[in-house]
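Enquirer: The structure is given below, and queries will be raised subsequently.
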Amino acid sequence: MATALSNLSSYDPTAVADGKGKRVGIVVSDWNSSVTHSLLNGATNTLLKFGVSADDIIIEHVPGSFELTYAAKVMIEKAKVDSVIILGCVIQGETPHFTFVCDSVTEGATQLNLKYDIPVIFGLLTTLTLDQAQARAGGRHGNKGDEAAITALKMMELHSRYK
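Counting from 1, position 97 in the sequence shown corresponds to residue 96 in numbering that gives the first Met the number 0; the numbering is continuous, with no gaps.
Printed below as a string of structure tokens:
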């Protein structure tokens, strides 16, 4: 349980690629918006910090997490982005809906990564409680939005090396 022991959003800024000239799409779910909007703020601020222009950050909101992968697909096909970050939060309830949504978004993100020649970054929180989600959206365990942005920058740099 490493997450319980530290803030995993810590990173070495010297190991992060410059985002200048990169165009990044972010698709964010409005379900559990108190959490997802914190993830969005973290991702956006991190991209800006590492040189991505505000004009090159394209943000789309969708109603729920299930819709993330469709919006990411549209963004890839129409917005000419170098990477897409999907941000959402699914909290376990009393029905199997949690499992269906989490599995679908995970599989959808995987398929997008395999089909398209740009990185799609998985920023979906899958937690048992709201407290766990808040702890990972700017709380004691950092901000997974920050981590998703760092991942996008690193993966775009990897992609650029092999063009």
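For glycine and all other residues, C-beta sits at the position ideal for the given N, C-alpha and C.
Tell me whether Ala108 is buried or exposed, calling it buried when 16 or more other Cβ atoms sit within 10 Å of its Cβ.
Expert: Per the 10 Å Cβ criterion, buried.
Enquirer: Would you call the segment 11–29 in contact with the segment 124–132, where contact means no fewer than 3 C-beta pairs closer than 8 Å?
Expert: No: fewer than three Cβ pairs fall under 8 Å.
Enquirer: In the DSSP assignment, what are the bridge partners of Ala134?
Expert: Looking at the DSSP assignment, Ala134 forms no beta bridge with any residue, so it has no partner.
Enquirer: Report the residue ranges of all alpha helix (DSSP H) runs contained in full by the segment 44–80; include only those spanning at least 4 residues, in chain order.
Expert: The qualifying runs are 67–77.
Enquirer: Taking DSSP's pairing of strands, which residues face Val83 in a bridge?
Expert: Answer by DSSP bridge pairing, in chain order: Gly24, Val119.
Enquirer: Does DSSP classify Thr128 as helix, strand or coil?
Expert: DSSP places Thr128 in coil when its eight states are reduced to three.
Enquirer: I want to know whether the segment 42–50 touches the segment 142–150 - three or more CB-CB distances under 8 Å.
Expert: Cβ pair count under 8 Å is three or more, so yes.
Enquirer: Which residue comes first and which comes last in the alpha helix (DSSP H) that contains Glu106?
Expert: Element bounds for Glu106: 96–114.
Enquirer: Which value, in whole angstroms, describes the spacing of the CA atoms of Ser37 and Ile90?
Expert: So the alpha carbons of these two residues sit roughly 16 Å apart.
Enquirer: DSSP on Gly141, reduced to helix/strand/coil?
Expert: Three-state result, Gly141: strand.
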